[in-house]
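Residues are numbered in this note's numbering as their position in the first sequence, beginning at 1, plus a constant of 7.
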Amino acid sequence: MAFENKFIQQRIEKAELLRKEGINPYSNDSQRNTTIEKYLNVNSDIEEKEDKRDENRHYTVSGRIKLFRIMGKASFIKIEDESGMLQIYVARDNLPEGFYNNIFKKNIEVGDIVEVSGYPFVTGKGELSLHANNVKLLTKAIAPLPEKFHGVTDKEIRYRKRYLDLIMNSEVRKTFQIRSRVISLTRRFFEDKGFLEVETPMMHPIAGGANAKPFVTHHNALGIDRYLRIAPELYLKRLIVGGFEAVFEINRNFRNEGMDATHNPEFTSIEFYWAYKTYKDLIEITKEYFQYLFEHLNLPVLLPYGDLEVNFENFQEIPLIKSLSTIGGVPEEIVHDKEKIIEFLSSQNITIKPGMNLGQLQGELFDEFVEEKLIDPTFITEYPVEISPLARRNDENPAITERFELFIAGREIANAFSELNDPLDQYERFKGQVDAKEAGDDEAHEMDEDFIDALSYGMAPTAGQGIGIDRLVMLLTNEHSIRDVLLFPAMKPLHSEEKNLEE
RNA sequence: GUCUCGUUAGCUCAGCUGGUAGAGCACGUCACUUUUAAUGAUGUGGCCGAUGGUUCGAAUCCAUCACGGGACACCA
8 MAFENKFIQQ RIEKAELLRK EGINPYSNDS QRNTTIEKYL NVNSDIEEKE
58 DKRDENRHYT VSGRIKLFRI MGKASFIKIE DESGMLQIYV ARDNLPEGFY
108 NNIFKKNIEV GDIVEVSGYP FVTGKGELSL HANNVKLLTK AIAPLPEKFH
158 GVTDKEIRYR KRYLDLIMNS EVRKTFQIRS RVISLTRRFF EDKGFLEVET
208 PMMHPIAGGA NAKPFVTHHN ALGIDRYLRI APELYLKRLI VGGFEAVFEI
258 NRNFRNEGMD ATHNPEFTSI EFYWAYKTYK DLIEITKEYF QYLFEHLNLP
308 VLLPYGDLEV NFENFQEIPL IKSLSTIGGV PEEIVHDKEK IIEFLSSQNI
358 TIKPGMNLGQ LQGELFDEFV EEKLIDPTFI TEYPVEISPL ARRNDENPAI
408 TERFELFIAG REIANAFSEL NDPLDQYERF KGQVDAKEAG DDEAHEMDED
458 FIDALSYGMA PTAGQGIGID RLVMLLTNEH SIRDVLLFPA MKPLHSEEKN
508 LEE
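So this is what it looks like as structure tokens:
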């Protein structure tokens, strides 16, 4: 199976021929002394020189051959390293005797990684290039690259063979560089504010902190099942109980649910918890955080996203109930009446699960009529207590919680609240979740007695927030599928892989 | 999970209402010392996603399956 493709065979033969000529097709003896980007910058003055060259400068660059144009006794190739693309002029008479005809033209080709030494010059057509006096093969590629003009566009190939996508589509590299910057800036932002980065377990005895179905794994030595975490929330709050006053964790969560443009089974979030603060402080720090990101990523405050334009100077704040009528167009008089909401939903041909309580129905109205209309950043506040089992109640109105979710471009980006720190209330909320679970809601929380125990020792008043990093990166890079901001998105195994697993 | 579109050469794609599998790029050979997706000549290359069925005959029609895209459902 492996290497049976005739193009691969052909290239393996070339590698063999090179070995016979005493050339190691997998040499690690690299003498590179500059990157392509630096080369192009440092030599940008060559254009001004009279003969448009400087034979006294000498550079060695390395990279993958992306284009190969042989023109008889001279050739142009383009090589690419992580920093950029450079044209190399290779002439027979500037290379060691016989190398050009026997090695270079015959056995080096597109896809190979080479090292080239020479001096800078500008071609007749005005392109700053490198005039080669030595070409050395570093790595022979035995698989041919996709077509040079169209590259690889098939999404399945791009996701399954991300390395090939990265070789062929340089803008993809850029997306992931931005992703890395976002994470690094996020870390710096919170560290600068005195937050401590922590790591909490990925394998939980009880999957808590969110409403979601977990993945199950097994610990052989203990003979017990563990759940891959669906959220770090309950552990981070234990740390607040322990006396840390500002903590954050940037890490993966796992949810055993469907996959689509905005859901991957493993995804990255930041959660941070801040003692002696409320959700109102979180609204302020969130605005500051976005300002910080935009500044350091040089993004325009009027950020284009697909057909939309998001105004990041127009943060809005509106209570959920109010948004139902003012934004969603739901008749104001029905939003506090369970029966009327059910009636309204069915008149709009929306089917709902039986037995939903008022808070859940209000959440349903929000999802159906409001969410997608929230384009500019909008903090939706005052969530019903029934759908906020870990959030603190409002002192004036115990039916709602001190919570917000932030929506941008019709999508949820963050979820935050003043944390519930009354252990008795938390116990009752968990019991409500357990009842819901027994009634068939398989995403409801389980009772976490250890967490109740922790709260019993007293958790300072605290505000906590989670931000979905993948969706945030999508927004900032104008990508519309989560797979385009994940280097290796989850894919179903191909036939052969599946078979191997079963064997 | 449902609907829908797709799967043909290494890549990007044609292939009509069934009748001997096509192009461009890449690759081989030849020519060419300043090209820009270089150019010109010439040649090689296919289990037409898999399995069944209909038919004298299937890349093409039908069914099932696999994988992928999109939408919906689910989902903070």
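Every residue gets a Cβ at the ideal spot worked out from N, C-alpha and C, and that includes glycine.
message = One question on the structure: do residue 478 and residue 420 come within less than 7 Å of each other, judged by their Cβ atoms?
response = yes
task = Have a look at 485, 54, 150 and 95 and flag the residue whose alpha-carbon is nearest the alpha-carbon of residue 10.
result = 150
Of the listed residues 368, 244 and 73, nearest to residue 459 (C-alpha basis) = 244
request  = Return helix, strand or coil for residue 491, following the three-state DSSP convention.
outcome  = helix
inquiry  = Tell me the DSSP secondary structure of residue 209 in three-state form.
reply    = coil
ask   = Per DSSP, what kind of secondary structure is residue 509 in: helix, strand or coil?
value = Residue placement at residue 509 cannot be trusted, given a pLDDT of 37 that sits under 50; what the coordinates show is reported in the next sentence. Reduced to three states, the DSSP call for residue 509 is helix.
message = For a test of the three-state rule: what should DSSP assign to residue 11, helix, strand or coil?
response = coil
ask   = Among 303, 385, 356 and 53, which one has its Cα closest to the Cα of residue 329?
value = 385
key: Beta-carbon contacts of residue 206 that lie in its chain and below 8 Å, excluding the five residues immediately before and after   = 256 and 258
Status (buried if at least 16 other CB within 10 Å, exposed otherwise) for residue 170 = exposed
Residue 120 vs residue 71 beta-carbon contact at 7 Å = yes
message = Do residue 375 and residue 357 count as a contact pair if the criterion is CB distance below 7 Å?
response = yes
query = Roughly how many angstroms lie between the CA atoms of residue 2 and residue 434, to the nearest whole one?
reply = Residue 2 falls outside the range modelled here, since the chain spans only 8 to 510, and no answer is possible.
query = Under a Cβ-count criterion, where at least 16 other Cβ atoms within 10 Å of its own Cβ denotes burial, should residue 491 be classed as buried or exposed?
reply = buried
task = Would you mind stating whether residue 85 and residue 74 have Cβ atoms separated by less than 7 Å?
result = yes
message = Just to confirm my understanding: we take residue 320, look at its own chain, exclude 5 residues before and 5 after, and list those with CB closer than 7 Å. What are they?
response = 308
ask   = Considering only the beta carbon of each residue, do residue 236 and residue 211 sit closer than 7 Å?
value = yes
query = How is residue 499 classed by DSSP in three states: helix, strand or coil?
reply = coil
message = Give me, in chain order, the residues of the same chain whose beta-carbon lies closer than 7 Å to that of residue 287; leave out the 5 immediate sequence neighbours on both sides.
response = none
ask   = How is residue 59 classed by DSSP in three states: helix, strand or coil?
value = coil
task = Rank 38, 488 and 24 by C-alpha distance to the C-alpha of residue 269 and give the top, closest one.
result = 488
task = Alpha carbon to alpha carbon, how far is residue 66 from residue 46? Give it in angstroms, no decimals.
result = 8 Å
query = Under a three-way DSSP split, which group does residue 371 fall into?
reply = helix
request  = Can you tell me which of 464, 283, 383 and 400 puts its alpha carbon nearest to the alpha carbon of residue 323?
outcome  = 383
task = Determine the contact status of residue 379 and residue 417, defining contact as a CB-CB distance below 7 Å.
result = yes
Beta-ladder partner(s) of residue 144, from DSSP = 121
query = Just how far apart, CA to CA, sit residue 364 and residue 425?
reply = 23 Å
message = Taking its Cβ as the centre, do 16 or more other Cβ atoms sit within 10 Å of residue 139, making it buried, or is it exposed?
response = buried
task = Specify, as a first and last residue, the run of the beta strand (DSSP E) that residue 424 falls within.
result = 418-425
message = Applying the 10 Å Cβ sphere with the 16-neighbour rule, what's the burial state of residue 82?
response = buried
request  = Output the boundary residues of the beta strand (DSSP E) element that contains residue 411.
outcome  = 410-415
query = Cα separation between residue 251 and residue 175?
reply = 47 Å
ask   = How about residue 285 and residue 406: are their beta carbons less than 7 Å apart?
value = no
Distance CB(residue 283)-CB(residue 254) smaller than 7 Å = no
key: Given residue 104 as reference, the closest of 130, 142 and 68 once Cα atoms are compared   = 142
key: Candidates 23, 129 and 496, of which the one nearest residue 57 by Cα   = 129
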